[in-house]
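So the sequence shown is numbered by our numbering: it starts at 3 and just counts up by one. Everything below concerns the one structure shown next.
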Amino acid sequence: MKKKRGVVSGRRAFETAILTISLSVSMLTGCSGQEESLKLTEESKGATNITKEINKSVYDKLDFDDTAEVENAGKGLITAPEELEITNEDGKVIWSQKAYSFLEEDAADTSNPSLWRNAQLNHIYGLFEVMNGIYQVRGYDMANITFIKSDNGWIVFDPLMSVECSTAAKQLVFEQLGEGPIKAVVISHSHVDHYGGIKGIVSEEEVEENNIPIIVPEGYEEEVVSENVYSGTAMGRRANYQYGTMLEKSKKDSLSIGIGMGQSTGTVSYISPTKIIKRTGQVLTIDGVKMEFQLTPGTEAPAEMNTWFPQKKALWMAENCTGTLHNLYTLRGAQVRDGNAWAFYLMETLSLYGDQVETVFQSHNWPHWGKDTIQEYITNTAAVYKFINDQTLMYINQGYTETEIANKIQLPEELARVWYTRQYYGTVSHDAKAVYQRYMGWYDANPIHLAELTPTDSAKKYVEYMGDAEEILKKAKADFDKGEYQWVAEITNVLVYADPKNTQARYLCADALEQLGYQAESGAWRNAYLSGAKELRDGTVKDPDYRASSSGETRAKMTTKMMLDYIGICLDSNQASDLNFTVNLVVSDFGEEYTLIVRSGILMYQKGKTDHADATWTMPKAGLFAIISKDSKMQAEQIQQSGDKALLEKMSENIMSFDFFFNIVEP
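Structure, rendered in structure tokens:
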């Protein structure tokens, strides 16, 4: 195993770059004056002069001489491969740091320099010593995987998203630090990038045979299913945009997303927990390692927890503190998070452990060391969420709408200049909208918005009122030359919704989105802008390589109640509005009985059987999967029917199959 030359030499080059602000100015000179006449073609464009000037101005706003986070990101590096590229058994690349080798150069004019800096830090990968007995493999997936040395083996925290990535990380640790049995796995919260790689660390057989505890916070499994099944198709598709999985890795394409380089696309696995943490202060000692847990529900995830190691004076912060402002609402879609609770639990962390802690580490980015530094780190992080929550509510009570608030709210200057509260992942803008949504919902009290037309219908009326589409395009081109990229994107997208075949509108909308992407400090926003531009130019992507390989193990852990809820989601009630019946359901392998009541195509249920059923369906839980999949052969094999046997077929006819690659930037 070689010392990774790219990490070391790249870091030196980067430190030199951020200490000498003027070095990038030469790339960005000659940026004034009118843009050349825009040529609307399907090709990706470079940065306009206006974008170059905007990116250049970032150097004057931030203190690039402050290298504390640079030093933290590289501290403790033990080793790393010269190049890192992880493939699955078919040879498909599912994770690559090699693709980001261009980051060893100075910031490109097609990137916000602040985001470029963050990408460089997330590009520092390998095996790190956090402190004696605590090690992390960073940069092997979106998240970090942590190995705690126990008396006779290892305790693993957050085993990444993909089996292939966690397998590679485990091999690196064992090669460098010695093999040993896995004594426990701790999963800090219910997001897939923290549990999906678990079978690269342990198998279900090993867990059972060796009584290996899988330790999670209360509510974990319910939240895993809720997020990854009920809305899983839409969330997965939108994740393509947030994580830039469809984009190339280059100066003009995907960079980091603040909490890491992006999303791996390997095999997602799942093992049910065996030990539930139910209260703050609960203590477990496993193979000589004492762990005290702090539950933090409603923060970065609905079910999440921090862990205190009193023997080491070390604090695991899960994803409650990272190297970036995080999301109160994540662009892929999820339940809105509680900024007030997030701040409260961070302050509780300080009250519990702040006077003792010497090392803080977490599931993304890099650790922090020293009591004073850590107290400031946690306090500043709490402050940004508290500020966004409270100030948004202040504006709400003055009558401002969510869009007005998002355009008005800004972090105080002192907090805005802190590198780990910069907007690389979440943004103040969309986090403020999240607070508005949490307290006020979608409606802004303006009755105009109660029953709006569909985007397509309103777009057609806009074009009808505004006149010829060519005239609109002509005006939009002029506004593009002025640098009004947001407006140009909005108005040309109206043209696309009015007529998706208007290629000139598609290209101009793509060009505007592209410039917005080049300027974005948030990696998630950059990816979204550039993904939209790509699909406007090329059409909606349909390549299955752009999604992780689901093993179906999460669905297999669903309870009967969860399965019935999901069948109700898949049932097209409008299409099945004349469907009315009552069925007794017997789930034979679990000994459960339910009454299913379908009214106007709406599926409801209650525990127990009824004497007034139209039919009885007896099946193992696998039969419920057969209903969802509309697999008639499997239904015949798994489901025993008595009574009206036509009802199952009638319901199956109205079960929807979801197309993962639905349109986003066009009708």
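The C-beta atom is built at its ideal place from N, Cα and C for all residues, glycine as well. Computed from a predicted model, the values in this text were never measured in an experiment.
query: Quick test of the definition: if touching needs 3 or more C-beta pairs under 8 Å, does the stretch 506-526 touch the stretch 248-267?; result: yes
query: Let me make sure I understand the geometry here. Which of 658, 617, 358 has the alpha-carbon closest to that of residue 629?; result: 658
query: Measure the Cβ-Cβ separation of residue 273 and residue 201 and say whether it is below 8 Å.; result: yes
query: Just to confirm my understanding: we take residue 30, look at its own chain, exclude 5 residues before and 5 after, and list those with CB closer than 8 Å. What are they?; result: Annotation note: pLDDT 32 at residue 30 (below 50); position unreliable, coordinate value reported separately. For residue 30, where only same-chain residues beyond five positions count, the Cβ hits under 8 Å are 54, 55, 57, 58, 111.
query: Measuring only the C-alpha atoms, how far is residue 166 from residue 128?; result: 16 Å
query: For residue 101, list the residues DSSP reports as bridge partners.; result: DSSP, once it has assigned bridges, lists no residue as partnering residue 101.
query: Which residues in the same chain have their Cβ closer than 6 Å to the Cβ of residue 495, if we skip the five residues on either side of it in sequence?; result: 511
query: Return the chain-ordered list of same chain residues with a C-beta closer than 8 Å to the C-beta of residue 414, the five sequence neighbours on each side being excluded.; result: 389
query: Suppose the cutoff is 6 Å on Cβ atoms and the five residues either side in sequence are ignored; what does the same chain contact list for residue 342 look like?; result: 391
query: Where does the unbroken beta strand (DSSP E) through residue 318 begin, and where does it stop?; result: 316-318
query: Give a yes or no on whether the C-beta atoms belonging to residue 152 and residue 291 are separated by under 8 Å.; result: yes
query: Can you have a look at residue 518 and say buried or exposed, based on whether 16 or more other CB atoms are within 10 angstroms of its CB?; result: buried
query: Rounded C-beta distance between residue 188 and residue 159? I'm assuming under 8 Å.; result: 5 Å
query: Tell me the rounded alpha-carbon separation between residue 248 and residue 309.; result: 36 Å
query: Could you name the residues that DSSP lists as bridge partners for residue 219?; result: 279
query: Below 6 Å CB to CB, which residues in the same chain sit around residue 295 once its five sequence neighbours on both sides are set aside?; result: 279, 284, 307, 309
query: Looking at the secondary structure, which residues open and close the beta strand (DSSP E) in which residue 620 lies?; result: 617-621
query: Is the beta carbon of residue 144 closer than 8 Å to that of residue 265?; result: yes
query: Return the CA-CA distance between residue 662 and residue 234, expressed in angstroms with no decimal places.; result: 9 Å
query: How would you label residue 2, buried or exposed, when you count the other beta carbons within 10 angstroms and need 16 or more for buried?; result: One cannot answer for residue 2 here, as it falls past the ends of the chain, which runs 3 to 669.
query: Please name the residue in 115, 92, 87 whose C-alpha comes closest to that of residue 102.; result: 87
query: Quick check: the Cα distance between residue 631 and residue 591, rounded to an integer number of angstroms?; result: 20 Å
query: Quick one: any contact between the stretch 213-231 and the stretch 179-198, if contact means 3 or more CB pairs under 8 Å?; result: yes
query: Is residue 618 closer than 8 Å to residue 667 when the C-beta atoms are compared?; result: no
query: Taking 8 Å as the cut-off, decide whether the C-beta atoms of residue 423 and residue 386 are in contact.; result: yes
query: Specify whether the stretch 363-383 and the stretch 333-340 touch according to this definition: at least 3 beta carbon pairs, one from each stretch, less than 8 Å apart.; result: no
query: Less than 8 Å separating the beta-carbons of residue 198 and residue 533?; result: no
query: Run the CB neighbour count on residue 455, radius 10 Å, all protein chains shown included, and call it buried at 16 or more, exposed below.; result: exposed
query: Give me the residue from 438, 179, 126, 541 with the minimum Cα distance to residue 664.; result: 541
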